[in-house]
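Okay, structure first, notes after.
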Amino acid sequence: MPNYIKFESRRRALQRFLSLPVMKFETVWFPILKDWVDSNFEKSEVLYLAIDRTQWGRVNLLVVSLIYNRRGLPIYITNLSKKGNSNFSDKKLCPKL
77 MPNYIKFESR
87 RRALQRFLSL
97 PVMKFETVWF
107 PILKDWVDSN
117 FEKSEVLYLA
127 IDRTQWGRVN
137 LLVVSLIYNR
147 RGLPIYITNL
157 SKKGNSNFSD
167 KKLCPKL
């Protein structure tokens with residue numbers, strides 16, 4: 077039983093850390109992504125983005141990914157408050173990258 081308690085304690089601590097106001101996707105991930113893109117791509121190089129809506133049970137996510145080496149690297153994720161397909165107004169919620 078002690079291992080389970082330790083796991084739950086660490087899980088709650090991680091949840092509290094990730095829910096801090098400064099731990100927003102835009103403030104943490106975007107600067108890292110910008111530096112990586114600036115150092116790995118030419119300014120004139122074409123970059124491809126994929127937009128995908130995924131639903132897992134009650135969680136409905138809109139994910140924007142950068143295609144790199146035939147893989148999608150998530151660069152923006154948002155939780156859609158509604159069920160079903162996303163529309164253009166949902167996609168406009170993504171910040172300018």
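The numbering used here numbers the first residue of the sequence shown as 77 and each following residue consecutively. By construction, the Cβ of each residue, glycine as well, lies at the ideal position given by its N, Cα and C atoms.
- Taking 8 Å as the cut-off, the beta carbon of Phe101 is found closer than this to the beta carbon of Ile153.
- Boundaries of the alpha helix (DSSP H) around Asn116: 101 to 116.
- DSSP lists Leu142 as the bridge partner or partners of Leu149.
- In this structure, Val135 keeps its C-beta atom at 8 Å or more from the C-beta atom of Asp128.
- Comparing alpha-carbon positions, the option among Ile151, Asn155, Leu156, Asn116 lying closest to Trp105 turns out to be Ile151.
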